[in-house]
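Here the structure comes first, spelled out in structure tokens, and everything after it is commentary.
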Amino acid sequence: MRTRVDRIRDVLIGAWAVLAIVYLFIPIFVIVLFSFNDNKGRFNFTWQGFTLRHWKDPFAVEGLSDAMVTSLSIAALCTVISITLGTFVALAIVRYRFVGRGATNTLVFLPLATPEVVLGAALLGWFLTMSFARGFTTVLIAHVMFTLGYVVITIRARLEGMDLHIEEAAQDLGANQMTTIRKVTLPLIAPGIVAAGLLAFAISIDDFVVSNFNAGQTVTFPLFVYGAARQGVPPQVNVMATMLLGLALVLMFVNVAIQRRAARRDAALGPQPARV
Amino acid sequence: MSAAQASTTGRAPAGGVRWLTLRRRRALLPAIFVAPGLAWLVVFYAIPIVSQLWVSLQTGNPDDGFAQTYNWSVYPDSLSEYHTHLVRSLGYAGLATILCFVIAFPLAYFIAFKAGRWKSIFLLLIILPFFTSMIVRTVAWQTLLADEGFVVSTLRSLGLLNVLGESGRVLATPQAVIAGITYNFLPFMALPLYASLERMDRGLVEAATDLYASRWTAFRKITLPLAAPGIFAGTLLTFIPAIGDYINAQLLGTPQQYMIGNVIQSQYLNVRDYPVAAALSFIVMVIVLVIIVIAARALGTRRLSEAVAA
Chain C
-12 MRTRVDRIRD
-2 VLIGAWAVLA
8 IVYLFIPIFV
18 IVLFSFNDNK
28 GRFNFTWQGF
38 TLRHWKDPFA
48 VEGLSDAMVT
58 SLSIAALCTV
68 ISITLGTFVA
78 LAIVRYRFVG
88 RGATNTLVFL
98 PLATPEVVLG
108 AALLGWFLTM
118 SFARGFTTVL
128 IAHVMFTLGY
138 VVITIRARLE
148 GMDLHIEEAA
158 QDLGANQMTT
168 IRKVTLPLIA
178 PGIVAAGLLA
188 FAISIDDFVV
198 SNFNAGQTVT
208 FPLFVYGAAR
218 QGVPPQVNVM
228 ATMLLGLALV
238 LMFVNVAIQR
248 RAARRDAALG
258 PQPARV
Chain V
376 MSAAQASTTG
386 RAPAGGVRWL
396 TLRRRRALLP
406 AIFVAPGLAW
416 LVVFYAIPIV
426 SQLWVSLQTG
436 NPDDGFAQTY
446 NWSVYPDSLS
456 EYHTHLVRSL
466 GYAGLATILC
476 FVIAFPLAYF
486 IAFKAGRWKS
496 IFLLLIILPF
506 FTSMIVRTVA
516 WQTLLADEGF
526 VVSTLRSLGL
536 LNVLGESGRV
546 LATPQAVIAG
556 ITYNFLPFMA
566 LPLYASLERM
576 DRGLVEAATD
586 LYASRWTAFR
596 KITLPLAAPG
606 IFAGTLLTFI
616 PAIGDYINAQ
626 LLGTPQQYMI
636 GNVIQSQYLN
646 VRDYPVAAAL
656 SFIVMVIVLV
666 IIVIAARALG
676 TRRLSEAVAA
């Protein structure tokens, strides 16, 4: 039976949860607000009035748009490479028993558990040892390395939740392994691949630490902001961050829609174990 | 027949893969699937991590180059010089992890059991802030906490400036750095906690209270133990990356708050004393591996990776 104490407790927990969410959104609010700040001088620390001028000319700051283009290109390439490699690794781990399966699992998991500063430092040390010039390529290599684990884990979860009978049915009907994978497995795990791709893109575009170590003269968006932080970050950075947030929102809704459609299709295919 | 054997003994004769026996072909497929991804991780993760040891034992300078001298004394030397940074990193990361837990547990509990149809909205709200660049968010905190920023000026106008102590500052204090780290890693604590609470059978708590356990006893004896994998995973996902964090100390602190990550970064990129930088990052990696092994022992590898992956 619910007592008065229970109700008070529920209200308190709810209030705490709302406060926690507010805490998470405080800087977001600042970022969006200060993209409209009519700042005088270099610094954008205090509110001085509303203006749209930064939104009208988001590319006014030299180097910022180049940095953004670099970040977007690296994120896009990283996503493509990472989901290509990751899909096959996940397929092998879930669908086959082979020597080195445990080691593969560990090697996929370890980069996720390594502090970024160690990832960045180790790679830089390695590139220095190999006398490999730092730049666009090294950042891309690094981003694929640390997004791969997230991709494999996301796709693995989807594969594990999948009904094996569908694949068996295809093979019973004479499809060979490659045909089964191409015509049955891949379409069914497509939502997982999309989710993994979005995750890889988001992680890549946000990365500062590993890029900081391995970028050489190449400047990505986070590196630009970091460099600008000492002399005052231009409000155009806030404009771009707000636009990225908007893009993320749109992509998130797209993702939710895709997952919903997949869920409906799965339901139509009959009962299956719950997905993680 | 194993994949590894198949790929060495299964040399494809004239007709290629088609002529292999079915068994061998089945064994070959996972090897082909795994090879590119695994190679990437070996070449750009495993070898670089291990090669840190190699780099750390070299001596020389950036202009004339470094040579391998097996200079093991770099480890005691860099530890005696930078142990304060290392201890500070562990301390800050530990405090931030505790704060994350205190903030995230009620939040996760609320979402799992009380949020009803708002559940997915709340989950979305936890993730959404992290789609703006971490560095931009930290700069936003800098803006808020700066001497002429919102927090300090509000306190000043309320006449409460003395709560900040002698300096009258929020920025450039250990508290600011710890709060920044807490903010950054909150979702990494909240989401695993939510996942383990969500999986839990609420009927057990009802059974316990039906059997005259108090609410508190039921929470302590049932909810908390069942949330243990999530607590474990959340602690690991917060504590381990927090040890290496240097952005919060850089943007919200001063050199008095610098952590081991700041040292590694400046030794590698500014001072260019690669052996010391490599030694320090190798030490951090060893600490992390020890933590992971202990956690895996305590919880079992399977449950650990499940909890983390969820």
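Line by line, the protein sequences are chains C and V.
Quick note: the first sequence, position 3, residue -10 per the working numbering, numbers continuous.
Count along the second sequence from 1, add 375, and you get the number used in the working numbering.
All residues carry an ideal CB built from backbone N, CA and C; glycine is no exception.
This structure is a prediction, so every number in the text was calculated from the model and none was measured.
- Closest option to residue 544 of chain V, judged by alpha-carbon separation, among V:531, V:522 and V:594: V:522.
- Excluding sequence positions up to five before and after residue 464 of chain V, its CB lies within less than 6 Å of the CB of 618, 634 and 635, all in the same chain and listed in chain order.
- For residue 63 of chain C, not one C-beta of chain V is nearer than 9 Å to its own C-beta.
- Take the alpha-carbon of residue 203 of chain C and the one of residue 124 of chain C: they are about 10 Å apart.
- Proximity to residue 127 of chain C across C:1, C:200, C:33 and C:250 peaks at C:200, based on C-alpha coordinates.
- Of the candidates V:547, V:571 and V:504, the residue whose Cα lies closest to the Cα of residue 484 of chain V is V:571.
- Taking a C-beta cut-off of 9 Å against chain V, the contacting residues of the region 102 to 115 of chain C are 102, 103, 104, 105, 106, 107, 108, 109, 110, 111, 112, 113, 114 and 115, listed in chain order.
- The CB of residue 1 of chain C comes closer than 8 Å to the CB of 485 and 489 in chain V, given here in chain order.
- Separation of residue 576 of chain V and residue 99 of chain C (C-alpha to C-alpha, rounded to the nearest whole angstrom) is 30 Å.
- If you look at residue 434 of chain V, you'll find it in the beta strand (DSSP E) that goes 433 to 436.
- Under a 10 Å Cβ-count criterion, residue 454 of chain V is classified as exposed, with fewer than 16 other Cβ atoms of the shown protein chains found around its own Cβ.
- By a beta-carbon distance limit of 8 Å, residue 143 of chain C does not contact residue 190 of chain C. Their separation comes to about 17 Å.
- Going by C-alpha positions, residue 250 of chain C is about 22 Å away from residue 500 of chain V.
- Scanning its chain for C-beta atoms nearer than 8 Å, with the 5 sequence neighbours on each side dropped, one finds around residue 509 of chain V the residues 559 and 622, in chain order.
- Contact between residue 245 of chain C and residue 178 of chain C holds, with the beta-carbon distance rounding to 5 Å and staying under 8 Å.
- Across the structure, residue 225 of chain C and residue 155 of chain C are spaced so that their CA atoms are roughly 52 Å apart.
- Contact of residue 461 of chain V with chain C is not assigned, every C-beta pair being separated by 9 Å or more.
- Here residue 77 of chain C is not near residue 19 of chain C, since their CB atoms are 9 Å or more apart.
- Under a criterion of Cβ atoms nearer than 7 Å, the residues of chain C adjacent to residue 405 of chain V are, in order, 79, 83 and 85.
- Of all residues in the region 510 to 525 of chain V, the ones placed with a Cβ closer than 7 Å to any Cβ belonging to chain C are 510, 511, 512, 514, 515, 516, 518, 519, 521, 523 and 524, in chain order.
- For residue 566 of chain V, the closest alpha carbon among the candidates V:456, V:405, V:505 and V:427 is that of V:505.
- Taking 9 Å as the threshold, the shortest C-beta distance from residue 613 of chain V to chain C does not fall below it.
- Residues of chain C with a Cβ closer than 8 Å to the Cβ of residue 482 of chain V are, in chain order, 3, 4, 7 and 8.
- Taking a contact to require three or more Cβ pairs closer than 8 Å, the region 166 to 186 of chain C and the region 207 to 221 of chain C do not qualify as touching.
- Only 189, 192, 193, 195 and 196 from the region 169 to 197 of chain C bring a Cβ to less than 8 Å from some Cβ of chain V.
- Under the 8 Å Cβ criterion, the region 97 to 116 of chain C counts as touching the region 419 to 438 of chain V, having at least three qualifying pairs.
- Residue 436 of chain V and residue 446 of chain V have their alpha carbons spaced roughly 14 Å apart.
- A Cβ-Cβ contact shorter than 9 Å links residue 514 of chain V with residue 220 of chain C.
- When C:52, C:35 and C:82 are compared, the shortest CA-CA separation from residue 165 of chain C is found for C:82.
- For residue 160 of chain C, the nearest beta carbon of chain V is not closer than 9 Å to its own beta carbon.
- DSSP places residue 441 of chain V within a strand segment (E or B) once states are collapsed to three.
- From the beta-carbon of residue 255 of chain C, no residue of chain V is found nearer than 9 Å; the closest lies around 22 Å away.
- Sixteen is the threshold: when 16 or more other Cβ atoms of the shown chains lie within 10 Å of the Cβ of residue 24 of chain C, as they do, the residue is buried.
- If only uninterrupted beta strand (DSSP E) runs of at least 3 residues are considered, none is enclosed by the region 54 to 137 of chain C.
- Beta-bridge partners assigned by DSSP to residue 24 of chain C: C:37.
- For residue 599 of chain V, the uninterrupted alpha helix (DSSP H) segment begins and ends at 599 to 619.
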